[in-house]
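Asker: Chains as they are written, first to last, in the working numbering: chain A, 5 to 205; chain B, 5 to 205. A virtual CB, placed ideally from N, CA and C, is assigned to each residue, including glycine.
Number of protein chains: 2
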Amino acid sequence: MVYPKSLQELIENLQVLPSVGQKTAERFALRIIDLDSDVVSELSNSIINAKNNTKYCQICGNLSETNFCSICEDEKRDSSLICVVESVSDVIAMEKTENYHGLYHVLNGLISPSKGILPDDLNIKDLEKRLADPKLAEIIIATNLTIEGDTTSLYLSKLINQVGEGKIAVSRIAHGLPVGGHLGYADDLTIIKAMEGRNKI
Amino acid sequence: MVYPKSLQELIENLQVLPSVGQKTAERFALRIIDLDSDVVSELSNSIINAKNNTKYCQICGNLSETNFCSICEDEKRDSSLICVVESVSDVIAMEKTENYHGLYHVLNGLISPSKGILPDDLNIKDLEKRLADPKLAEIIIATNLTIEGDTTSLYLSKLINQVGEGKIAVSRIAHGLPVGGHLGYADDLTIIKAMEGRNKI
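1) Using the three-state DSSP reduction, which class does Val-95 of chain B fall into: helix, strand or coil?
2) Would you say Ile-51 of chain A lies against chain B (beta-carbon separation less than 8 Å)?
3) Strictly below 9 Å CB to CB, what residues from chain A border Lys-32 of chain B?
4) If you reduce the DSSP assignment to three classes, tell me which class Gly-113 of chain B lands in.
5) Answer yes or no: does any C-beta atom of chain B fall closer than 8 Å to that of Pro-8 of chain A?
6) Measure the beta-carbon distance from Leu-21 of chain A to Ala-33 of chain A and round it to whole angstroms, keeping in mind my assumption that it falls under 8 Å.
7) Which residue from A:Ala-136, A:Ala-97, A:Thr-58 and A:Pro-8 puts its Cα closest to that of Ile-172 of chain A?
8) Could you tell me whether any Cβ in chain A is nearer than 8 Å to the Cβ of Val-44 of chain B?
9) For Lys-80 of chain B, which beta-bridge partners are listed by DSSP?
10) Hey, how far is the Cα of Gly-95 of chain A from the Cα of Ser-41 of chain A?
11) Taking only the alpha-carbon atoms, compute the straight-line gap between Asn-165 of chain A and Gln-12 of chain B and give it to the nearest angstrom.
12) Once you ignore the five residues that flank Leu-67 of chain B on each side, which residues in its own chain have a CB closer than 6 Å to its CB?
13) Quick check for students: name the residue ranges of the alpha helix (DSSP H) that lie wholly in the region 146-180 of chain B, counting only runs of 4 or more.
14) Measuring CB to CB, does Gly-184 of chain B end up less than 8 Å from Lys-197 of chain B?
15) Could one say the Cβ of Thr-58 of chain B lies closer than 8 Å to chain A's Cβ atoms, at least one of them?
16) Listing by chain order, which chain B residues have their CB less than 8 Å from the CB of Val-92 of chain A?
17) Just the chain B side, please: which residues come within less than 7 Å of Ser-48 of chain A by C-beta, in chain order?
18) Can you look up Lys-59 of chain A in the DSSP assignment and give me helix, strand or coil?
19) In the structure shown, what three-state DSSP assignment does Gly-184 of chain A receive?
20) CB Leu-14 of chain B to CB Ile-51 of chain A, shorter than 8 Å?
21) What residues in its chain sit with their C-beta under 7 Å from that of Val-167 of chain B, if we drop five residues either side in the sequence?
22) Below 8 Å between beta carbons: does that hold for Ser-175 of chain A and Ile-144 of chain A?
23) Where do the N-terminal and C-terminal ends of the alpha helix (DSSP H) with Leu-14 of chain B fall, by residue?
24) Taking all protein chains shown into account, decide if Thr-101 of chain B is buried (16 or more other Cβ within 10 angstroms of its Cβ) or exposed.
25) Between which two residues does the alpha helix (DSSP H) holding Ile-134 of chain B run?
26) Considering only the alpha carbon of each residue, which of B:Ser-83, B:Glu-99, B:Ser-118 and B:Arg-81 lies closest to Val-89 of chain B?
27) Would Ile-36 of chain A and Lys-80 of chain B be called neighbours here (beta carbons separated by less than 8 Å)?
28) Helix, strand or coil for Ser-45 of chain A? Go by DSSP, reduced to three states.
29) Can you check whether the CB of Pro-123 of chain A is closer than 8 Å to the CB of Tyr-159 of chain A?
30) Hey, how far is the Cα of Asp-130 of chain A from the Cα of Ile-63 of chain A?
31) Can you pull out the residues from the region 110-128 of chain A whose beta carbon lies closer than 7 Å to at least one beta carbon of chain B?
32) Roughly how far, in whole angstroms, is the beta-carbon of Ile-75 of chain B from the beta-carbon of Leu-140 of chain B, given that I think they are within contact range, below 8 Å?
33) Out of A:Thr-155, A:Tyr-108, A:Leu-149 and A:Leu-107, which one is the CA nearest neighbour of Ile-121 of chain A?
34) Could you list which residues in chain B have their beta carbon closer than 8 Å to that of Lys-80 of chain A, in chain order?
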């Protein structure tokens with residue numbers, strides 16, 4: 005026996021979600037048909053709505069329902085600072101801290117020659133345009149400590165120095181031991197970075 | 005910053021799926037808005053279709069798009085045998101073996117006084133009706149080896165013997181070491197069941 009046709013189709017379609025295979029899709033599908041009709045139609049509608057209504061901000065590449073995102077449009081934010089991140093989820097993580105009040109620039113990926121991702125494939129052209137803003141004083145690069153993150157960071161710092169004629173400061177977020185982390189359990193690279201980035205007290 | 009409204013709604017709605025929390029829902033939602041529009045509308049439609057078109061078989065409680073499921077309607081199946089299972093996914097697991105050719109009866113749960121699930125809450129009334137079929141020779145109870153599974157098995161065997169006036173054989177699937185399992189790693193209950201259920205060779 006196979007599942008009834010419409011259920012089988014749902015199980016196949018659910019597998020477009022990240023890390024959802026046959027078994028998980030089956031569990032999801034069986035749950036869906038057990039839910040109340042209005043909950044199911046709400047789920048179904050919200051999928052279409054989210055897809056149709058979510059755009060990328062024309063300035064920073066962050067998600068938005070309008071042409072410009074709520075952060076770019078917020079006049080209270082410090083427009084002298086731009087934090088460059090890999091993806092939208094990095095913006096969310098950063099915003100949850102409620103500690104940073106500057107603007108963002110979302111690259112939507114990292115430079116990775118081995119995967120065929122070159123600077124032109126990323127949202128870098130728009131960043132270049134923003135460098136012309138005379139209010140801009142510093143760009144913080146918040147890419148991860150991976151080969152791709154390092155390559156992207158290096159590429160961007162050269163570009164910013166060149167285009168900004170050295171007037172815009174470029175920095176990178178600190179890498180080291182996480183708060184609550186133990187030296188004895190940390191990996192070598194983290195310890196090396198923590199030593200390199202030591203601060204006078 | 006929060007997510008754009010429609011995305012936020014999607015993230016909340018996705019959490020009706022089993023073991024999907026905030027983080028997983030965020031990952032799912034971000035993937036959904038990156039998919040092609042036609043893939044998204046197909047996913048959305050298949051959710052509604054599966055919910056609207058999937059019913060429960062009026063005979064056995066299995067899933068079906070019509071009033072009777074494909075197994076109950078299949079005349080080649082051995083109607084002298086009924087295998088009683090807890091849920092639809094047990095039917096799928098059993099059918100994948102292609103080894104069993106009788107019919108099924110899906111209880112949609114197990115008796116569990118501690119959770120307030122009594123025999124009347126399960127699909128047992130319909131099973132009682134099926135006992136009147138003169139062709140029926142054996143009922144195989146395939147509930148799990150848990151307190152609920154044991155309780156349900158005991159309840160059903162008494163019921164079948166009473167209603168069927170002892171003319172219907174009742175059996176329960178064997179519990180013991182799984183194929184490829186090692187005695188040294190098996191839990192106590194599995195070993196005890198394997199010893200109890202030993203066969204002459």
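Answerer: Reading off the structure:
1) helix
2) yes
3) Inspection of the sequence shows that residue 32 of chain B is occupied by Phe rather than by Lys. The contacting residues are Leu-21, Pro-22 and Val-24.
4) coil
5) yes
6) Rounded, the Cβ-Cβ distance is 12 Å, inconsistent with contact.
7) A:Ala-136
8) yes
9) BP columns for Lys-80 of chain B are empty, so no partner.
10) Residue identity check: residue 95 of chain A is Val in the sequence provided, not Gly. Cα-Cα distance, rounded: 35 Å.
11) 38 Å
12) Thr-58 and Val-92
13) Unbroken alpha helix (DSSP H) runs of no fewer than 4 residues, entirely contained in the region 146-180 of chain B, are found at 151-167, following chain order.
14) no
15) yes
16) Those within 8 Å of Val-92 of chain A in chain B are Leu-34.
17) Ser-48, Ile-51 and Ile-52
18) In the structure shown, Lys-59 of chain A sits in a strand (DSSP, three-state: E or B).
19) coil
20) yes
21) Glu-132 and Leu-135
22) Cβ distance < 8 Å, so Ser-175 of chain A and Ile-144 of chain A count as in contact.
23) 9-18
24) exposed
25) Before going further, note that residue 134 of chain B is Arg rather than Ile in the sequence given. First-last of the alpha helix (DSSP H) with Arg-134 of chain B: 129-134.
26) Cα-wise, what sits closest to Val-89 of chain B is B:Glu-99.
27) no
28) Taken through DSSP and simplified to helix, strand or coil, Ser-45 of chain A comes out as helix.
29) Taking a C-beta distance under 8 Å as the contact criterion, Tyr-159 of chain A and Pro-123 of chain A qualify as a contact pair.
30) 7 Å
31) For the region 110-128 of chain A, there are no residues whose beta carbon sits under 7 Å from a beta carbon of chain B.
32) At roughly 15 Å, the Cβ-Cβ gap does not stay under 8 Å, so Ile-75 of chain B and Leu-140 of chain B are not in contact.
33) A:Thr-155
34) Within 8 Å Cβ-Cβ: nothing; Lys-80 of chain A doesn't reach chain B, min ~13 Å.
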